[in-house]
Structure formats: C-alpha cells, structure tokens
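So the structure is just underneath, and the comments pick up after that.
Given below as structure tokens:
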C-alpha cells in the first residue's frame, strides 16, 4: 500500500485551519480541509487510504466532531486513521469523552507549533508501526493456517491408508469406511443441534470422524480363515472375531498418547463400537451412558451401513426396513437419545445412501 | 508596525511571533480575523436573547483570540463564554459591552494598518 501522506484538518473556523496548515507548510504532507462534519465525512470516505492523520474540532455546524468519530468507527477507519481532537479548554470531562470515542490524542488551543508537529509525527509513526505489525501478524496467521491445513491433509491421507488396509484384506471396497465417516459426521451434527448441552466443536467432530475410520483396525489381527470365511462362523470363530475390538486397542496402546483427544476417540471407538445400550454388546458389556457418545454414534452408523449394503452373504435391506430393524432392536439396543438423533438425521441418511451400495443398477 | 498594534490592543506580540513565525504571516491572520464571523454570532445571540447561539459564537471567538494572542479581548471573551455556558444571560449582558469595546479596538487597529 502507498504511504499515507495527507492530513485532514476539520474545523469550522478558517483561522484555526490556516494556523494548522501553516504549521505543516514544509510540504511533507498534503493538506485537505473541511469546515464541518459533513464535509469531513465526505473527504474521509473518498481519501481513507491516503489520510495519515485527522485534526478534528468538536463543536461544528451540520455534523459535529463526535458524529465524525462515530462514522469513522462504523466504517472501520478508527484503527487505521488516528484522530487528534482539537479543543478549546482542557477539562477532564471532554478529555475522557474524546479518548473514549477513540481519539489518539488531544491538543488545546492556542496551538503551539512545536508541540503540534511533534505530537502529529509521533502519532503517525505509532499508527504506521501498528498497522505494519498487524499486517505481519495477519500474514503469519495465514501461513500458520495453511501449514495446519497441510498437516490435516497428510493426517487424513494416513488415516485413510491405514483404515483401507483392513478392508483391502477382507476383500471389501474402501467405500464402507468413507460412508462410516460421512454418516458419523451427519449424526454428530444432528446430535449437536438436538442436544445443546453436549456440544461438540467443529474440530472435535472432525477428530471423531477421522477416528471412526479406524473402528475395525483390529480385524487385521484376525486370521484369514475366519475373516474371509464365506459361510456362518462357528461359536469359537465368532468368539475370535469379536476380539478385533480388543486387538485394535492393543495396537493403539503401543502408540499411546496420554491426554490426546484424538487418541481417546480412536481407542473408545475401536473398543466400544460393538457395545450396546442394554449391556449385551461386547467386549466389556458396558451399558447406558458408560459407552461414550462417539462410540455409540459409530456403532449405529456401522450397523446402518452394513444393513443397507449388499454383501456376498446377504442382500441389502431398504432404508425404511433398515430404520425399522434398528428401532426394533434387531441389531442390538441403542439409547433413546441416539435413536431420536438417528430419526432426526434420516433425510440425510437417505440422500447419502447410494444405489450402488445397495446393489442396484445406478 | 505589528508589534505596535499588539501593544495598543494589549495583546502578546512575543507569543504571536513565536506561533506565526513572522510579521507577514501575522498580518495574513489579522486580515482573516476581520472576516471571522464568530463575533457576529455572539452579538446576534446577545441581541435576540438566544443564549445558545451567543455561547457558540463566544466559544469560537475565544479560541480564535487565544490563537491570535489577543490577551485583553481573550480575557473578556473567556468571561462571557463561561457566563453563557452557565446560562447566566443577565451577567453576560453586563459583560458584553466590555467585549464590544475590546473587539472594536482590535478591529479599528487592524483596519488602520491594512
């Protein structure tokens, strides 16, 4: 930006304006004058990027000094253009008022040239300095923001790569994971809208969404003959299969990060996404509110996606049928609050459930 | 010439010259002073009984007189400004003739030298 090189002198008395003009006659600054508040506002709007300083009288016809200051505040000029209030008498009252309105300084009539030039120079330099620091800060913030974004992108890439390992091995497409993430996000937003008392921030929602991708990570430790078995599992095999919740946590524990929120979500989701509200889930038989909300959300989403998707061992159920089955407790019991949230999100579940996953021709 | 004028009207030439740098420039401001309308505002306000208008005129005139270092005029204008600020119109009416007298003196002297 061009350097600000203009002074605006606002006073209804011509002699006062002339005196100030003469003080700055050395040509360092261009001078603009206004004889009332209305004129001042017009000039400010037109030259707001050139004006380095405003000398402002308080008592003027049409619009007074306070109204000019008000206009400057409203239009975001008060932080970039310093105002020196001109006043006839030094009373604490007017001084306090001027500073409250955002005046940078006050000078009293009669003007002493040396004092006026010194103060003007100081204030202009102060503002230039402040504006450049703010610019610098803005730039740094932008850089930080961009590097944060890059880190997030790498994180997402790693999480997706990791979670797809399991799906790849179980010969599934990677879409189940992507859909679990999508539905988890939908559920959490509805949860937030419905139950204000348990607010998730946008950032927390994204952390949970990413953690949801890892819910079945423990399946990597399940032997092929069980994981890939086309038919029904024996009781023994099923017992082993259920251990994927524990295996997942064992893997995570090796990289345990105390006090890390993301670690907490990953751990809880891996371990508890097969727990049920009535305590009849696995591996720990937790019940009710012992199961963290994020694990509850992923569990209902996991069930939903499994039901509506066509698999080698089962056909797909319609969305209506799936909702009915879940409400009916046919895939285990979910909490009433969670079911209410599920219904609330139904429209979006319908929109995001594709014909391809249901095994129909698109 | 200018110094002489300041003596006659009981002004402070030293302050004026330090503030305005040289006689030429003081002269420029003396001419501006003839055009200034704040005295008229005060006078009209006093004549019509409009305390508010008289105050505005007096207040502005005070600032100008201080800037010009017209000490004597400045003193009486300051007095009437405070009386009008306090809405004591009766008192201001008693002070106004002194203001008038000092103001006329200043105007007459300026007119003599330009």
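Chains as they are written, first to last, in the working numbering: chain A, 200 to 561; chain B, 281 to 394.
A virtual CB, placed ideally from N, CA and C, is assigned to each residue, including glycine.
From a predicted model like this one, the values you see are computed outputs, not experimental measurements.
Check: If you draw a straight line from the alpha carbon of residue 273 of chain A to that of residue 454 of chain A, how long is it in whole angstroms?; Outcome: 53 Å
Check: Do you know offhand how far residue 346 of chain B's Cα is from residue 340 of chain A's?; Outcome: 50 Å
Check: Across which residues does DSSP place residue 513 of chain A in a beta bridge pair?; Outcome: A:510
Check: Ends of the beta strand (DSSP E) at residue 255 of chain A?; Outcome: 250-256
Check: Could you name the residues of the stretch 312-343 of chain B whose beta carbon sits closer than 8 Å to any beta carbon of chain A, in the order they occur along the chain?; Outcome: 312, 313, 315, 316, 318, 336, 339, 340, 342, 343
Check: Indicate whether at least one CB of chain A lies closer than 8 Å to the CB of residue 346 of chain B.; Outcome: yes
Check: Under a three-way DSSP split, which group does residue 466 of chain A fall into?; Outcome: helix
Check: Taking the C-alpha atoms as reference points, what is the distance between residue 390 of chain B and residue 287 of chain B?; Outcome: 12 Å
Check: Along the beta strand (DSSP E) that carries residue 284 of chain A, what are the first and last residues, could you check?; Outcome: 282-286
Check: Could you tell me which of B:325, B:393, B:284 sits nearest to residue 376 of chain B, measuring between CA atoms?; Outcome: B:325
Check: Can you give me the C-alpha to C-alpha distance between residue 305 of chain B and residue 344 of chain A, rounded to a whole angstrom?; Outcome: 58 Å
Check: By the three-class DSSP mapping on this structure, what secondary structure does residue 304 of chain A have?; Outcome: strand
Check: Using a C-beta cutoff of 8 Å, does residue 308 of chain A count as contacting chain E?; Outcome: Here chain E cannot be found, since the structure's protein chains are A and B.
Check: From this set, A:465, A:464, A:461, A:489, which residue's C-alpha is nearest residue 194 of chain A's C-alpha?; Outcome: The first residue shown for chain A is 200 and the last is 561, placing residue 194 of chain A beyond what the model contains.
Check: Please classify residue 208 of chain A: does DSSP put it in a helix, a strand, or coil?; Outcome: strand
Check: Could you tell me the alpha carbon to alpha carbon distance between residue 531 of chain A and residue 464 of chain A, rounded to whole angstroms?; Outcome: 22 Å
Check: In angstroms with no decimal places, state the Cα-to-Cα distance between residue 492 of chain A and residue 297 of chain A.; Outcome: 54 Å
Check: Can you tell me whether residue 501 of chain A is buried or exposed? The criterion is at least 16 other CB atoms within 10 Å of its CB, across all chains shown.; Outcome: buried
Check: Note down the Cα distance separating residue 260 of chain A from residue 306 of chain A, rounded to an integer number of angstroms.; Outcome: 20 Å
Check: Kindly indicate if chain B contains any beta-carbon less than 8 Å away from that of residue 294 of chain A.; Outcome: no
Check: Whole angstroms is fine: what's the gap from residue 211 of chain A's alpha carbon to residue 309 of chain B's?; Outcome: 16 Å
Check: Name the one or two DSSP bridge partners that residue 529 of chain A has.; Outcome: A:531
Check: Short of 7 Å Cβ to Cβ, which residues in the stretch 212-236 of chain A face chain B?; Outcome: 212, 213, 214, 215, 217, 218, 221
Check: Going by the CB atoms, is the gap between residue 356 of chain B and residue 317 of chain B shorter than 8 Å?; Outcome: no
Check: Of all the residues that make up the stretch 258-284 of chain A, which are near chain B by a beta-carbon distance shorter than 7 Å?; Outcome: 258
Check: Could you tell me whether any Cβ in chain A is nearer than 8 Å to the Cβ of residue 383 of chain B?; Outcome: no
Check: Under 8 Å by Cβ, that's how I've got residue 471 of chain A and residue 486 of chain A pegged, so tell me the actual separation to the nearest angstrom.; Outcome: About 11 Å separates the two Cβ atoms, so there is no contact after all.
Check: Taking Cβ-Cβ distances shorter than 8 Å, what residues in chain B pair up with residue 287 of chain A?; Outcome: 339, 342, 343, 346
Check: Would you please state the rounded distance, in angstroms, between the beta carbons of residue 447 of chain A and residue 417 of chain A? I believe it to be under 8 Å.; Outcome: 3 Å
Check: Suppose only complete runs of 3+ residues qualify. What are the beta strand (DSSP E) ranges in the stretch 287-361 of chain A, listed by chain order?; Outcome: 304-307
Check: Just how far apart, CA to CA, sit residue 402 of chain A and residue 388 of chain A?; Outcome: 12 Å
Check: For residue 309 of chain B, return the contacting residues in chain A, with the cut-off set at a CB-CB distance below 8 Å.; Outcome: 214, 217, 218
Check: Opposite residue 230 of chain A in the DSSP bridges: which residues?; Outcome: A:206
Check: Is there at least one Cβ from chain B nearer than 8 Å to residue 238 of chain A's Cβ?; Outcome: no
Check: Flag this pair as yes or no: are the beta carbons of residue 343 of chain B and residue 287 of chain A separated by less than 8 Å?; Outcome: yes
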